[in-house]
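J.:
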Amino acid sequence: MPARIVYIQHDCFFLLVGGRTLLFDYPAPNYLPEAAAKVAASRIAGADLTVFASH
Numbered sequence: 178m179p180a181r182i183v184y185i186q187h188d189c190f191f192l193l194v195g196g197r198t199l200l201f202d203y204p205a206p207n208y209l210p211e212a213a214a215k216v217a218a219s220r221i222a223g224a225d226l227t228v229f230a231s232h
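Numbering (my numbering), first residue to last: 178 to 232.
(1) By Cβ distance, which residues of its chain are closer than 6 Å to A224, with the 5 residues on each side in sequence left out?
(2) Look at the Cβ atom of A212, then the Cβ atom of Y203, and state whether they are nearer than 8 Å.
(3) In or out: L200 buried (at least 16 other Cβ within 10 Å) or exposed?
(4) Taking buried to mean at least 16 other C-beta atoms within 10 Å of its own C-beta, is F191 buried or exposed?
(5) If I follow the unbroken alpha helix (DSSP H) through A217, where does it start and stop?
Listed below in structure tokens is the structure:
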């Protein structure tokens with residue numbers, strides 16, 4: 178099963194696999210640059226999304 182990783186910022190990334198979107202360590206808005214927030218928003222919109230937070 179092919180997978181794709183989309184790096185957002187620091188330790189935040191998406192893993193796109195099997196029609197699912199897995200989001201890891203999405204930061205608070207004041208830690209996320211505007212450009213990174215726009216990329217993330219485009220991946221989140223309409224996605225079958227699962228969010229993971231490690232800390």
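The C-beta atom is built at its ideal place from N, Cα and C for all residues, glycine as well. All values reported here derive from a predicted model rather than from experimental measurement.
T.: With the given structure in hand:
(1) Within the sequence shown, the letter at position 47 stands for residue 224. Only T198 meet the Cβ criterion.
(2) In the sequence shown, the residue the question calls residue 212 occupies position 35. In the sequence shown, the residue the question calls residue 203 occupies position 26. For the pair A212 and Y203, the CB atoms are not nearer than the 8 Å cut-off.
(3) Counted from its first residue, the sequence shown places residue 200 at position 23. By the 10 Å Cβ count, L200 comes out buried.
(4) What you label residue 191 is simply residue 14 of the sequence shown in a count that begins at 1. Classification for F191: buried.
(5) Here residue 217 refers to the residue found at position 40 of the sequence shown. If you look at A217, you'll find it in the alpha helix (DSSP H) that goes 211–221.
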